[in-house]
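Down below is the structure, laid out as structure tokens.
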Amino acid sequence: MPDPLVGKHVILGVTGSIAAYKAADLASKLTQAGAQVDVLLTESATKFVSPLTFRSLTHRAVVTELFDADSPEAIEHVAIARRADALLIAPATANTMAKLALGLADDVLTTTALAVTAPVIVAPAMDAGMWEHPTVQQNAETLLGRGAHISGPGAGRLASGLMGRGRMLEPAELVEHLRWALAQSGDLEGRHVVVTAGGTQEPIDPVRVVTNRSSGKMGYAVAQAARDRGAHVTLVTATSNLPTPYGVKINRVTTVADMRSAVLDACASADALVMAAAVSDYRPANVASQKIKKVGNEASDGISLAMEKTNDFFLEVPEGVLRIGFAAETEDLIENARYKLASKSMALIVANDVTKEGSGFEVDTNQVTIIGADGVTNELPLLTKYEVGDKILDRVVTLLAKRDD
Numbered sequence: 084m085p086d087p088l089v090g091k092h093v094i095l096g097v098t099g100s101i102a103a104y105k106a107a108d109l110a111s112k113l114t115q116a117g118a119q120v121d122v123l124l125t126e127s128a129t130k131f132v133s134p135l136t137f138r139s140l141t142h143r144a145v146v147t148e149l150f151d152a153d154s155p156e157a158i159e160h161v162a163i164a165r166r167a168d169a170l171l172i173a174p175a176t177a178n179t180m181a182k183l184a185l186g187l188a189d190d191v192l193t194t195t196a197l198a199v200t201a202p203v204i205v206a207p208a209m210d211a212g213m214w215e216h217p218t219v220q221q222n223a224e225t226l227l228g229r230g231a232h233i234s235g236p237g238a239g240r241l242a243s244g245l246m247g248r249g250r251m252l253e254p255a256e257l258v259e260h261l262r263w264a265l266a267q268s269g270d271l272e273g274r275h276v277v278v279t280a281g282g283t284q285e286p287i288d289p290v291r292v293v294t295n296r297s298s299g300k301m302g303y304a305v306a307q308a309a310r311d312r313g314a315h316v317t318l319v320t321a322t323s324n325l326p327t328p329y330g331v332k333i334n335r336v337t338t339v340a341d342m343r344s345a346v347l348d349a350c351a352s353a354d355a356l357v358m359a360a361a362v363s364d365y366r367p368a369n370v371a372s373q374k375i376k377k378v379g380n381e382a383s384d385g386i387s388l389a390m391e392k393t394n395d396f397f398l399e400v401p402e403g404v405l406r407i408g409f410a411a412e413t414e415d416l417i418e419n420a421r422y423k424l425a426s427k428s429m430a431l432i433v434a435n436d437v438t439k440e441g442s443g444f445e446v447d448t449n450q451v452t453i454i455g456a457d458g459v460t461n462e463l464p465l466l467t468k469y470e471v472g473d474k475i476l477d478r479v480v481t482l483l484a485k486r487d488d
């Protein structure tokens with residue numbers, strides 16, 4: 084399934100804030116993602132950034148006036164609103180938010196906003212103290228009550244030099260917010276997909292752990308791909324160093340026991356489970372209560388660490404949940420994957436040889452073979468992990484449809 088932004092008509096409304104310079108980067112990112120971006124500038128916005136800047140970035144006409152005699156559209160704001168898949172106002176000043184809340188229509192942006200029936204995302208930007216003002220908060224609540232989505236604001240240093248909440252979110256964050264809004268009617272709409280990611284950690288002592296090399300990137304990519312198809316996604320992750328995907332419920336865990344509890348809880352209402360995490364097969368049999376010291380052990384060349392098996396909770400997942408697993412192998416890839424597929428009653432298994440260049444741990448690509456319990460096998464070329472996630476979900480969509488027939 085393509086990126087939710089590809090081919091979509093997005094209205095980018097820009098108002099009179101110093102953060103308008105970020106809107107140029109936002110327009111560029113949306114265009115590069117495949118969206119058709121119609122930029123509407125308020126008169127105040129043109130004091131900060133020129134229409135030519137946006138026209139150069141989007142390769143489309145930029146609208147600054149409500150009445151343009153040279154426009155090919157008879158009623159331009161209505162025409163733009165009717166073809167819009169989403170309206171993103173970034174930055175949105177306190178003044179513009181007040182107009183939107185009151186239903187005022189005195190410029191091209193606010194007039195178009197009244198005609199839009201597509202999702203509306205508002206990204207506030209204002210100086211210290213303004214966001215917390217009761218009137219601004221009331222206006223935000225009014226917009227939320229009408230179905231608009233308020234993205235931000237963030238906290239940090241503001242244009243005045245003061246610190247506080249009021250910063251417009253970064254363009255990359257807003258692109259993710261827009262993807263989430265556009266994906267709500269995807270082919271996984273109404274489905275709950277649970278995804279696991281990262282390598283679990285089992286303690287040796289209060290300082291050291293036994294773990295593995297999983298970065299969590301594959302699981303995060305699957306979670307993002309599922310979100311972009313309209314699914315409600317729960318990500319159970321043993322990784323904490325990756326950005327949290329917007330619109331995804333995060334449950335952070337450490338040990339296998341933690342992951343078991345979180346996964347089984349989430350799967351009580353799930354349609355599918357994608358186990359991309361590298362779950363520890365063994366843990367130390369005895370965990371030291373204090374840090375194991377090297378001092379005093381000079382007579383020995385090392386220490387012995389007794390290990391015991393961890394509990395394999397995969398088969399504890401309710402039978403109604405579609406189970407998808409991963410097999411990260413270094414030899415006999417397909418044979419080992421097929422054994423794991425059958426022994427754990429999976430619907431699909433994703434096999435990858437982690438010794439191949441560009442495949443496996445800590446990289447953004449992967450080369451996998453998807454094997455189904457139905458005998459259907461897909462050997463994929465080297466793809467980004469997001470693309471691999473999308474290919475897995477293609478199979479999940481088909482299997483869920485068959486299950487429901």
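Residues 84 to 488 (the numbering used here) are what the sequence shown spells out, left to right. Ideal Cβ positions, reconstructed from N, Cα and C, are used throughout, including at glycine.
Determine the direct distance from the alpha carbon of K91 to that of M84, and round the result to whole angstroms. 14 Å
Could you give the distance in angstroms between the alpha-carbon of E402 and the alpha-carbon of W214? Roughly 48 Å between the two C-alpha positions.
Given this structure, state the Cα-to-Cα distance separating R421 from L465, to the nearest angstrom. 21 Å
Of the residues V203, G247, G244 and G239, which one's Cα is nearest the Cα of I233? Considering only alpha carbons, the answer is V203.
DSSP three-state call for Y365: helix, strand or coil? strand
Within its chain, find whatever has a CB closer than 6 Å to the CB of G441; leave out the 5 residues flanking it on each side and keep chain order. T448 and L465
Can at least three beta-carbon pairs, one atom from the region 256 to 264 and one from the region 276 to 292, be found at a separation below 8 Å? no
Within 10 Å of its beta-carbon, does G239 have 16 or more other beta-carbons around it, so buried, or fewer, so exposed? Per the 10 Å Cβ criterion, exposed.
Mind checking whether L59 and L476 have CB atoms under 8 Å apart? Residue coverage of the chain in this structure runs from 84 to 488, which leaves residue 59 outside it and unanswerable.
Taking only beta-carbon atoms, is T393 less than 8 Å away from chain B? Among the chains of the structure shown, chain B does not appear; only one protein chain is present.
For H275 versus D348, is the C-beta spacing smaller than 8 Å? no
Considering I417, what are the terminal residues of the alpha helix (DSSP H) in which it resides? Counted as a single uninterrupted DSSP element, the alpha helix (DSSP H) harbouring I417 occupies residues L416 to S426.
Candidates D189, K105, A116 and A309: which alpha carbon is nearest K474's? A309
Three-state secondary structure (DSSP) at K468? Here K468 sits in helix by DSSP.
Contact belief for I454 with A425 at Cβ below 8 Å, rounded distance in angstroms: Contact flag wrong, Cβ pair sits at about 10 Å.
Entirely within the region 138 to 204 and at least 3 residues each: give me those beta strand (DSSP E) ranges in chain order. 169 to 175
For V292: DSSP bridge partner residues: P286
Can you tell me whether D488 is buried or exposed, with buried defined as 16 or more other CB within 10 angstroms of its CB? exposed
Helix, strand or coil for G302, going by three-state DSSP, please let me know. Here DSSP, grouped into helix, strand and coil, assigns G302 to helix.
First through last residue of the beta strand (DSSP E) which encompasses Q119: Q119 to L124
Same chain, Cβ closer than 7 Å to A152, five either side skipped, listed in chain order: With a pLDDT of 48 at A152, under the threshold of 50, the predicted position of this residue should be treated as unreliable, and no value is reported.
Output needed for L187: all residues of its chain with C-beta closer than 7 Å, excluding positions within five of it in sequence on either side, in chain order. T193
Do R406 and L356 have their CB atoms nearer than 8 Å? yes
From the DSSP secondary-structure annotation, give me the bridge partner or partners of H260. Partner(s): none; H260 has no beta bridge.
Could you tell me the distance, in whole angstroms, from the CA atom of V316 to the CA atom of V437? 26 Å
Alpha-carbon spacing of Y329 relative to E224, whole angstroms: 21 Å
Within the chosen definition, does the region 171 to 182 reach the region 97 to 104 through at least 3 CB pairs nearer than 8 Å? yes
Please list the terminal residues of the continuous beta strand (DSSP E) segment that includes R280. First, the amino acid is wrong: residue 280 is Ala here, not Arg. Its beta strand (DSSP E) spans residues H275 to A280.
For E391: DSSP bridge partner residues: R366
Segment limits, alpha helix (DSSP H) that includes V219: P217 to G228
Have a look at V362, A167 and Y104 and flag the residue whose alpha-carbon is nearest the alpha-carbon of M251. Y104
Anyone know if the C-beta pair for A208 and P254 falls short of 8 Å? no
Could you spell out the range, first to last residue, of the alpha helix (DSSP H) harbouring L113? A103 to Q115
Please look up how many angstroms separate the CB atoms of A144 and V199, rounded, as I've assumed it's under 8 Å. In fact, because the Cβ distance is near 18 Å, the residues do not count as touching under 8 Å.
May I ask you to report which of helix, strand or coil DSSP gives R406? strand
To the nearest angstrom, how far is the alpha carbon of L318 from that of V400? About 16 Å.
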